[in-house]
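Here my numbering is used: the first residue of the sequence shown is 170, the next is one more, and so on.
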Amino acid sequence: EWTVLDKWFERNVVGGPFHFVLVADTFDDYAEAIYRKLLREITGPGIS
């Protein structure tokens, strides 16, 4: 189940002050998830 896998990645793989995990539920969702990931990494964290 994806909820288990994404939590495992969050605990064991990613790190840093602004780390995040995006999930692509299907192969068809992968391109959109990569686009959102790159956009988020390039623009950085938002201002609250």
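All C-beta atoms in this analysis are idealised placements derived from N, C-alpha and C, irrespective of residue type, glycine included.
Model, not experiment: these values are computed from the prediction.
One question on the structure: do Leu191 and Ala200 come within less than 7 Å of each other, judged by their Cβ atoms?
Along the sequence shown, read from residue 1 onward, the residue named residue 191 stands at position 22. Along the sequence shown, read from residue 1 onward, the residue named residue 200 stands at position 31. Going by C-beta atoms, Leu191 is not nearer than 7 Å to Ala200.
Element boundaries [alpha helix (DSSP H), containing Lys208]
Counting from one through the sequence shown, the residue named residue 208 turns up at place 39. The question names Lys, yet the displayed sequence has Leu at residue 208. 199-212 is the span of the alpha helix (DSSP H), which, as asked, contains Leu208.
Whole-angstrom distance between Asp198 and Leu207, CA atom to CA atom:
The residue given as residue 207 occupies position 38 in the sequence shown. The residue given as residue 198 occupies position 29 in the sequence shown. So the alpha carbons of these two residues sit roughly 15 Å apart.
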